[in-house]
Amino acid sequence: MNRNNFFIHLALALVLILVAAFAGQLGRWRKQWRSHMGPVPASEKKQPGTVDEIALSETRSFGSPEVLVKFKSGVSDEAIEALTARLHDRVEDRIENADGVEAIDDLDNADAASIVAEYSKLPEVEYAEPNFEINLEEAEGPLVPVLPHDPQFENQWALSNSGQRGGKKGADISATMAWAKTTGSEDVVVAVLDTGVDYNHEDLTSNMWTRPASIAPYHDNELGTIDDANGFNAIDNAADPMDDNGHGTHCAGIIGAEGENDLGIAGVNWKVQIMPLKFMNAGGSGTTKDAIEAISYAIDRKKAGVNIRIISASWGSTQRTRALEAVIRKAYENDILFVAAAGNSSTDNDRRPHYPSNYNVPNVISVAALDRNDQLASFSNFGAKTVAIAAPGVDILSTWLGNEYEEKSGTSMATPVVSGVAALVLAENPRMSVDELKKKLLASTDPIVALKGKTATGGRINASKALD
Amino acid sequence: MANSKNDAVENARRDLAKRLKVDAADVKERSVEDADFPDMALGAAESGEMSGQMITRGWRIQLEANGQTYEYRADKNQLRAFKFKGKNHRV
Chain A
1 MNRNNFFIHL ALALVLILVA AFAGQLGRWR KQWRSHMGPV PASEKKQPGT
51 VDEIALSETR SFGSPEVLVK FKSGVSDEAI EALTARLHDR VEDRIENADG
101 VEAIDDLDNA DAASIVAEYS KLPEVEYAEP NFEINLEEAE GPLVPVLPHD
151 PQFENQWALS NSGQRGGKKG ADISATMAWA KTTGSEDVVV AVLDTGVDYN
201 HEDLTSNMWT RPASIAPYHD NELGTIDDAN GFNAIDNAAD PMDDNGHGTH
251 CAGIIGAEGE NDLGIAGVNW KVQIMPLKFM NAGGSGTTKD AIEAISYAID
301 RKKAGVNIRI ISASWGSTQR TRALEAVIRK AYENDILFVA AAGNSSTDND
351 RRPHYPSNYN VPNVISVAAL DRNDQLASFS NFGAKTVAIA APGVDILSTW
401 LGNEYEEKSG TSMATPVVSG VAALVLAENP RMSVDELKKK LLASTDPIVA
451 LKGKTATGGR INASKALD
Chain B
1001 MANSKNDAVE NARRDLAKRL KVDAADVKER SVEDADFPDM ALGAAESGEM
1051 SGQMITRGWR IQLEANGQTY EYRADKNQLR AFKFKGKNHR V
């Protein structure tokens, strides 16, 4: 190599080094910019169990440790070994230069968010963070798991299953990853067609729909004018949709109990508008006529300018009525999704239809129930052709009458999980049509072995995927 | 209406006596057990009735009269005759 060639090569090498360094800086600038401009996790308080400041990917190399855990000073190595062994985990490495952080491998290969939640609860732990791979491509998205501080969140296995009470880690709807993208929007109105809703419940009151002054009171030619300030009661053809059973309040809390308010639980949506439509009585049952009237009310309000995009229907029977089917079709024509419980008779809806979940109308999504181990609930109806999707529906903690919280089971509880995810999707994509919304939801599942041949999608709804 | 288990059994006996046109004393309590029913109509919906699809805790009441066994289902909110002469009835 002559002297000139040497300088040319040296110059080229320097240029390449500068380009590489500049690209790296660009990545860091981009990351910083996203952390300022992207969705801000409620975990800004930087509590144990939250992760911020770094962009993370959901992907993780097989065999690598799932979480990085910093134990409190004074916790001995033996205690750490015993604790991790008890959780069926193992300490893979101790990183002295990183403040004595332990890299922990979960032998069950559960998802990192669940393991982080599990370790964060331990009194011996100072903090826990996922060990995600970070590369240029993965740094594109601000996928930061967000854990709310609602005091009973740890019992909400449907949203974040850390294996609590013998469940399977990760058998949840990936809500904590979804919340990194959106926690909902008060622009989306979900009608809960049920026993009413306790609109004074402390964890619901700020997410309840109230008729804006710009919308005129409801008028029906037969019923006259009704001052529908809080919703509609089709039983009494009156304005007050107060719940006298508890079922509707429970479903409402699953969809939209206020999140990050230091009270009770978090809904799938932290922010949303819940419109109570009461058509079932204190015993928890109602008539076709009242259901039709309540749906007609919702359609009327939609036409009047209320952004009702979802009706959540946690009820049913085995009797088909053309009139009910017709009004659900009318809702479809008005761009309203109709999410319906598949039923609790442990039967095959392909053979023994259940309605309204079995109506062959394009806006209907029929929902089966899963338990905390990703098994089809023993009571849940199923149907390879007629039941679309499954969601958690056993031992679901939610709001109850009188500022209480209760665990309940049923496809009634699985249905509002799907309605809630639909509302999240609309929060991000407000112009999405009902056809697009349904397609998106059915394409956003985690395949579950127990659902093979039992539902059309064979999967559990995944809120994070629905927001991709 | 907030029924206790005893209220539910007594109301069921009275209802069955009325349906069978017999004296309430001739209706015997065979068994009463706690049960989880598949829905809020206690798995005994009337024709055309729709109900919340939530597992509902209640009582299964077996009564005996005229040599036959009859089933009632109840919870704190309601009482139902299960398949009485082939049909469910809300009491």
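These protein sequence lines are chains A and B, in that order. Numbering of the first sequence is given in my numbering, commencing with residue 1 and proceeding in unit increments. Numbering of the second sequence is given in my numbering, commencing with residue 1001 and proceeding in unit increments. Virtual Cβ for every residue (Gly too), placed ideally from N, Cα, C. These figures come from a predicted structure and were not determined experimentally.
Assign Ala21(A) to one of two classes, buried (16 or more other C-beta atoms within 10 Å of its C-beta) or exposed (fewer than that).
Low confidence applies here, because Ala21(A) scores a pLDDT of 46, under 50, leaving its location unreliable; read the following figure in that light. The residue in question, Ala21(A), is exposed, as its Cβ has fewer than 16 Cβ neighbours within 10 Å.
Residues of chain A with CB under 8 Å from Ser1047(B), in chain order?
Gln319
Looking at Asp395(A): is its Cβ nearer than 9 Å to the Cβ of Ala171(A)?
no
Around the C-beta of Leu107(A), are 16 or more other C-beta atoms found within 10 angstroms, so that it is buried, or is it exposed?
exposed
Could you check which residue in Ser444(A), Ala466(A), Glu407(A) has the C-alpha nearest to that of Ala456(A)?
Ser444(A)
Under 8 Å Cβ-Cβ, which residues of chain A neighbour Glu1055(B)?
Note that residue 1055(B) is Ile in the sequence shown here, rather than Glu. The answer, in chain order, is Asn344, Phe379, Lys408, Ser409, Gly410.
For Pro447(A), the three-state DSSP class (helix, strand or coil)
strand
Which one of Ala257(A), Ala175(A), Leu397(A), Ile173(A) has the shortest CA to CA distance from Trp209(A)?
Ala257(A)
What would DSSP say about Val418(A), mapped onto helix, strand or coil?
helix
Can you tell me whether Ser76(A) is buried or exposed? The criterion is at least 16 other CB atoms within 10 Å of its CB, across all chains shown.
exposed
So, do the segment 344-363 of chain A and the segment 308-323 of chain A have three or more beta carbon pairs nearer to each other than 8 Å?
yes
Residue range of the unbroken alpha helix (DSSP H) whose run includes Thr84(A):
77-86
Glu407(A) to Val197(A) span [Cα, whole Å]:
17 Å
Out of Met1050(B), Gln1053(B), Glu1071(B), Gly1052(B), point me to the one whose CA is closest to Arg1060(B)'s CA.
Glu1071(B)
Can we say the segment 314-324 of chain A touches the segment 1036-1050 of chain B, given the rule of at least three CB pairs closer than 8 Å?
yes
Using beta-carbon positions only, say whether Val327(A) and Ser296(A) come within less than 9 Å of one another.
yes
What separation, rounded to the nearest whole angstrom, lies between the Cα atoms of Tyr119(A) and Arg301(A)?
47 Å
If we cut at 9 Å on Cβ distances, does Asp243(A) have a partner in chain B?
no
So is His201(A) in contact with chain B if we call contact Cβ pairs under 9 Å?
no
Separation of His247(A) from Glu1010(B), as counted between CA atoms:
27 Å
From the beta carbon of Asn1088(B), is the nearest beta carbon of chain A less than 9 Å away?
no
Report all residues from its chain with a CB closer than 7 Å to the CB of Lys182(A); omit the five preceding and five following residues, and keep chain order.
According to the sequence shown, residue 182(A) is Thr rather than Lys. Here the set comprises Pro39, Leu424, Ala427, Glu428, Leu467.
How is Phe379(A) classed by DSSP in three states: helix, strand or coil?
coil
Proximal residues of chain A, C-beta to C-beta of Gly1058(B) below 7 Å:
Here the premise fails: no neighbours, minimum Cβ distance about 11 Å.
Gly1043(B) and Ser380(A): beta carbons closer than 9 Å?
no
Let me know the secondary structure DSSP gives Gly49(A) once reduced to three states.
Any reading at Gly49(A) must be qualified, since the residue scores a pLDDT of 34, below 50, and its modelled position is unreliable; the value itself is stated next. Looking at Gly49(A) - three-state DSSP - the assignment turns out to be coil, as it is neither helix nor strand.
Go through its chain and collect everything with a Cβ distance to Asn245(A)'s Cβ below 6 Å, but skip five positions before and after it.
Thr195, Ala282, Gly284
Strictly below 8 Å CB to CB, what residues from chain A border Ser1077(B)?
This sequence places Asn at residue 1077(B); Ser is not what is there. Under the 8 Å cutoff, chain A gives Asn245, Ala282, Gly283, Gly284.
With a threshold of 9 Å between beta carbons, is Asp108(A) in contact with chain B?
no
Consider the Cβ of Gly63(A): report whether some Cβ of chain B lies at a distance smaller than 9 Å.
Reliability fails at Gly63(A), whose pLDDT of 47 lies under 50, so the model's placement of it is uncertain and no value is given.
Chain B contact for Lys454(A) (CB, 9 Å cutoff)
no
Neighbourhood of Leu397(A) by C-beta distance below 7 Å, restricted to the same chain and skipping five residues each side:
Gln152, Asn155, Gln156, Ile265, Tyr405, Glu407
Rounding to the nearest angstrom, what Cα-Cα distance links Asn109(A) and Thr399(A) in this structure?
32 Å
With 16 as the cutoff for other CB atoms within 10 Å, does Gln1068(B) come out buried or exposed?
exposed
Complete alpha helix (DSSP H) runs within the segment 264-345 of chain A (minimum length 4 residues, chain order)
288-304, 322-333
Less than 9 Å between the beta carbons of Asp1026(B) and Ala1065(B), yes or no?
yes
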